[in-house]
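**Q** One structure follows; several queries about it will come next.
In full-length UniProt numbering, the protein residues as written are 1 to 509.
Next comes the structure, spelled out in structure tokens:
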């Protein structure tokens with residue numbers, strides 16, 4: 001009997017040691033993988049994968065009902081650019097948050113998801129970008145962080161920094177991730193940002209740095225609860241005032257609403273919106289989007305008093321909004337009608353004759369377009385790989401002659417490659433890009449990224465990216481400009497900011 005007891009004790013001791021070892025190993029692996037661990041799992045949302053999925057299913061079922069009742073419809077021509085969502089425990093605000101996320105199509109594809117929220121634990125100047133973790137962990141798996149972009153933001157402005165204590169226990173961004181994981185078929189890397197200030201000059205600088213990323217290619221998730229701790233009836237009044245101001249899209253109206261709420265003398269009103277700084281940054285970017293202005297739509301409102309787990313005496317308000325923009329699709333323009341199919345074929349013949357032996361020349365019948373003074377780039381590829389590319393913006397040479405010169409130069413004078421040999425000719429493909437005249441721009445808001453090419457000039461240095469480069473890379477507009485400045489013009493990453501900028505379109509065939 002005594003021996004049995006000893007064996008039982010030994011087994012129990014081994015079991016405990018194993019548990020401790022596994023826990024330590026898990027922690028070590030997490031550190032090795034540089035993963036931000038869950039801070040509020042089991043508090044704000046379920047800690048197990050199965051329970052969390054069940055809770056999310058319920059939240060989305062209720063959220064879809066709220067979305068349907070709101071009348072907000074995301075049509076084929078629109079795209080969800082941003083959402084404003086609450087960050088309380090799922091039993092209190094989960095359905096409201098889900099109503100906003102449900103406005104995003106499941107198959108929506110974004111390059112990045114920018115998450116903005118307030119610091120609940122520490123006060124600091126500026127915004128803390130979580131640049132040290134490769135991923136955020138949730139019960140549904142890990143969500144990748146674009147640490148390169150996080151560090152790039154920090155490099156661009158001292159407003160962006162990293163404050164570890166701002167992220168360690170913070171829940172406002174963490175609670176949004178399971179909603180995104182559950183909703184989107186493909187989740188892009190995130191850029192997590194905690195704002196520690198309400199200083200408007202700082203927020204304005206933050207908005208300016210983020211503005212190049214505020215495009216339909218990226219999703220912004222703004223995390224904020226609204227009225228804190230007034231009575232149920234007072235919350236309805238205060239939150240209605242704040243919500244109506246946000247839908248105007250005007251920062252001054254939002255600030256005015258916050259001040260009005262403060263002056264109402266509402267008992268126990270701690271704040272009208274804990275994430276007011278994040279909302280302000282969103283409104284600043286929306287107001288600056290002159291080229292493709294967004295519209296802000298209210299989806300749902302509840303407060304903690306509407307939950308069976310909350311009381312009516314002291315409540316917290318929850319709004320859901322979505323921000324819509326038109327999809328940036330390539331539209332027909334004057335450039336599309338500049339060349340006929342016959343014009344294109346004759347220019348192809350000119351290009352081929354420039355690189356083929358004379359005995360393989362094809363007949364060329366010049367057309368009127370041959371005399372137009374337009375720019376042209378000729379690109380050669382071999383088995384899908386670049387083999388040569390030379391171009392000229394051509395305000396001084398007729399297009400027919402310029403096409404011949406650029407084709408010859410691409411084949412035999414591109415300094416990056418050996419001249420094309422006769423043996424290679426059967427494997428060579430030619431792409432011609434006829435360019436519209438250059439147009440000087442004063443702001444990058446005038447640059448239609450994906451539709452237009454960019455040409456920049458600073459002193460004696462210059463460089464360009466053709467419009468179709470945007471289809472080949474996964475860059476934002478600012479990254480496109482930065483790479484062109486650095487890689488093509490040789491004026492440094494930020495050189496485009498002080499260079500002369502020109503746009504143009506290309507007819508590619």
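For each residue, glycine too, the CB sits at the ideal point set by N, CA and C.
On a predicted model such as this, the values are computed, not experimentally measured, just so you know.
Residue 136 and residue 127: beta carbons closer than 8 Å?
**A** The residue given as residue 136 occupies position 136 in the chain shown. The residue given as residue 127 occupies position 127 in the chain shown. Here residue 136 is not near residue 127, since their CB atoms are 8 Å or more apart.
**Q** Could you say if the segment 178 to 194 and the segment 112 to 130 meet the contact criterion of at least three C-beta pairs nearer than 8 Å?
**A** Counting Cβ pairs under 8 Å, three or more are found: they touch.
**Q** Starting from residue 118 and walking both ways along the beta strand (DSSP E), at which residues does that stretch end?
**A** On the chain shown, residue 118 is found 118 positions in, with the first residue counted as 1. Element bounds for residue 118: 112 to 118.
**Q** In its own chain, which residues sit with a C-beta less than 7 Å from the C-beta of residue 365, not counting the 5 before and 5 after it?
**A** For this step, residue 365 is matched to residue 365 along the chain shown. Correct list, in chain order: 346.
**Q** Which residues share a DSSP beta bridge with residue 500?
**A** Stepping through the chain shown from its first residue, residue 500 is reached at position 500. Under DSSP, residue 500 forms a beta bridge with 457.
**Q** Three or more beta-carbon pairs under 8 Å between the segment 160 to 172 and the segment 33 to 48, yes or no?
**A** yes
**Q** From what residue to what residue does the alpha helix (DSSP H) around residue 261 run?
**A** Sequence index remark: in the chain shown, residue 261 carries index 261 (1-based). Looking at the DSSP string, the run of the alpha helix (DSSP H) that includes residue 261 is 251 to 263.
**Q** Of all the CB atoms in chain C, is at least one closer than 8 Å to the CB of residue 475?
**A** Included in the structure is just one protein chain, with no chain C present.
**Q** Quick one: give me the first and last residue of the alpha helix (DSSP H) that residue 149 is part of.
**A** On the chain shown, position 149 is the one that residue 149 refers to. Run containing residue 149: 147 to 156, per the alpha helix (DSSP H) assignment.
**Q** By the DSSP assignment, the beta strand (DSSP E) with residue 142 in it spans what residues?
**A** Taking the chain shown and counting its residues from 1, the one referred to as residue 142 is at position 142. Where residue 142 is concerned, the enclosing beta strand (DSSP E) stretches over 141 to 144.
**Q** Give the single residue among 155, 111 and 108 whose Cα lies nearest to the Cα of residue 131.
**A** Within the chain shown, numbered from 1, the residue matching residue 131 stands at position 131. Among 155, 111 and 108, the Cα nearest to that of residue 131 is on 155.
**Q** Thinking just about the alpha-carbon of each residue, which of 250, 87, 407 and 145 is nearest to the one in residue 187?
**A** Here residue 187 corresponds to residue number 187 of the chain shown, with the count starting at 1. Minimum Cα distance to residue 187 is reached at 145.
**Q** Are residue 323 and residue 380 touching if we call contact CB-CB under 8 Å?
**A** Position 323 of the chain shown, counted from the start, is the residue given in the question as residue 323. Position 380 of the chain shown, counted from the start, is the residue given in the question as residue 380. No, these two residues do not count as a Cβ contact at 8 Å.
**Q** Check the C-beta distance from residue 157 over to residue 300 and give it rounded, since I have them as a contact under 8 Å.
**A** Within the chain shown, residue 157 is the residue found at index 157, counting from 1. Within the chain shown, residue 300 is the residue found at index 300, counting from 1. Their Cβ separation, rounded to whole angstroms, is 35 Å, which puts residue 157 and residue 300 out of contact at 8 Å.
**Q** Let me know if residue 83 comes out buried or exposed under the rule of 16 or more other beta-carbons within 10 Å of its beta-carbon.
**A** Your numbering for residue 83 matches position 83 in the chain shown. Counting Cβ neighbours within 10 Å, residue 83 comes out buried, since at least 16 surround it.
**Q** Alpha helix (DSSP H) containing residue 92: first to last residue?
**A** As a first step, residue 92 is located in the chain shown; it is residue number 92 there, counting from the start. 90 to 101 is the span of the alpha helix (DSSP H), which, as asked, contains residue 92.
**Q** How long is the line joining the alpha carbons of residue 259 and residue 205, rounded to whole angstroms?
**A** Numbered from 1 along the chain shown, position 259 holds the residue referred to as residue 259. Numbered from 1 along the chain shown, position 205 holds the residue referred to as residue 205. Taking the straight line joining both Cα atoms gives about 23 Å.
**Q** With DSSP collapsed to three states, give me the class of residue 302.
**A** Sequence index remark: in the chain shown, residue 302 carries index 302 (1-based). Strand, per DSSP.
**Q** Check whether the Cβ atoms of residue 106 and residue 184 lie closer than 8 Å to each other.
**A** As a working mapping, residue 106 is identified with position 106 in the chain shown. As a working mapping, residue 184 is identified with position 184 in the chain shown. Cβ distance < 8 Å, so residue 106 and residue 184 count as in contact.
**Q** In three-state DSSP terms, what is residue 192?
**A** Here residue 192 corresponds to residue number 192 of the chain shown, with the count starting at 1. In the three-state DSSP reduction, residue 192 falls in the strand class (E or B).
**Q** Distance, Cα to Cα, residue 475 vs residue 217?
**A** Along the chain shown, read from residue 1 onward, the residue named residue 475 stands at position 475. Along the chain shown, read from residue 1 onward, the residue named residue 217 stands at position 217. If I take the Cα positions, the gap works out to 10 Å.
**Q** Who are the Cβ neighbours of residue 319 in its own chain at under 6 Å, not counting the five residues just before and after it?
**A** Numbered from 1 along the chain shown, position 319 holds the residue referred to as residue 319. 226, 243 and 301, listed in sequence order.
**Q** What span of residues does the beta strand (DSSP E) with residue 385 cover, start to end?
**A** Counted from its first residue, the chain shown places residue 385 at position 385. Here the beta strand (DSSP E) through residue 385 covers 385 to 392.
**Q** Is residue 292 helix, strand or coil by DSSP?
**A** Position 292 of the chain shown holds residue 292. Residue 292 falls in the coil class under three-state DSSP.
**Q** Grab the span of the beta strand (DSSP E) containing residue 430 for me, first residue to last.
**A** Here residue 430 is taken as the residue at index 430 of the chain shown, counted from 1. Where residue 430 is concerned, the enclosing beta strand (DSSP E) stretches over 428 to 435.
**Q** Thinking C-beta only, is residue 213 closer than 8 Å to residue 298?
**A** Taking the first residue of the chain shown as position 1, residue 298 is located at position 298. Taking the first residue of the chain shown as position 1, residue 213 is located at position 213. Their beta carbons are not under 8 Å apart, which means residue 298 does not touch residue 213 by this criterion.
**Q** Taking all protein chains shown into account, do 16 or more other C-beta atoms lie within 10 angstroms of the C-beta of residue 54, making it buried, or fewer, making it exposed?
**A** Numbered from 1 along the chain shown, position 54 holds the residue referred to as residue 54. The C-beta of residue 54 has fewer than 16 other C-beta atoms within 10 Å across all chains shown, which makes the residue exposed.
**Q** Compute the beta-carbon to beta-carbon distance between residue 97 and residue 86, rounded to the nearest angstrom, for a pair I have assumed lies under 8 Å.
**A** Here residue 97 corresponds to residue number 97 of the chain shown, with the count starting at 1. Here residue 86 corresponds to residue number 86 of the chain shown, with the count starting at 1. Indeed they touch by this definition, with Cβ atoms about 6 Å apart.
**Q** Tell me whether residue 496 is buried or exposed, calling it buried when 16 or more other Cβ atoms sit within 10 Å of its Cβ.
**A** Within the chain shown, residue 496 is the residue found at index 496, counting from 1. Burial call: buried.
**Q** How long is the line joining the alpha carbons of residue 387 and residue 404, rounded to whole angstroms?
**A** Walking along the chain shown from the start, residue 387 turns up at place 387. Walking along the chain shown from the start, residue 404 turns up at place 404. For residue 387 and residue 404, the distance between alpha carbons rounds to 17 Å.
**Q** Do you know offhand how far residue 339's Cα is from residue 508's?
**A** On the chain shown, residue 339 is found 339 positions in, with the first residue counted as 1. On the chain shown, residue 508 is found 508 positions in, with the first residue counted as 1. Approximately 10 Å between the Cα atoms of the pair.
**Q** Run through the DSSP bridge pairs and tell me what residue 220 is partnered with.
**A** Here the question's residue 220 lines up with position 220 in the chain shown. Answer is 82 and 114, bridged to residue 220.
**Q** Please report the residue range of the beta strand (DSSP E) in which residue 326 lies.
**A** In the chain shown, residue 326 corresponds to position 326, counting from 1. 317 to 326 is the extent of the beta strand (DSSP E) around residue 326.
**Q** Would you tell me roughly how many angstroms separate the C-alpha atoms of residue 367 and residue 326, rounded to the nearest one?
**A** Your numbering for residue 367 matches position 367 in the chain shown. Your numbering for residue 326 matches position 326 in the chain shown. Spanning the two alpha carbons is a distance of roughly 39 Å.
**Q** To the nearest whole angstrom, what separates the beta carbons of residue 178 and residue 66, a pair I think is in contact under 8 Å?
**A** Indexing the chain shown from 1 puts residue 178 at position 178. Indexing the chain shown from 1 puts residue 66 at position 66. With 8 Å as the limit, residue 178 and residue 66 do not qualify as a contact, their Cβ atoms being about 18 Å apart.
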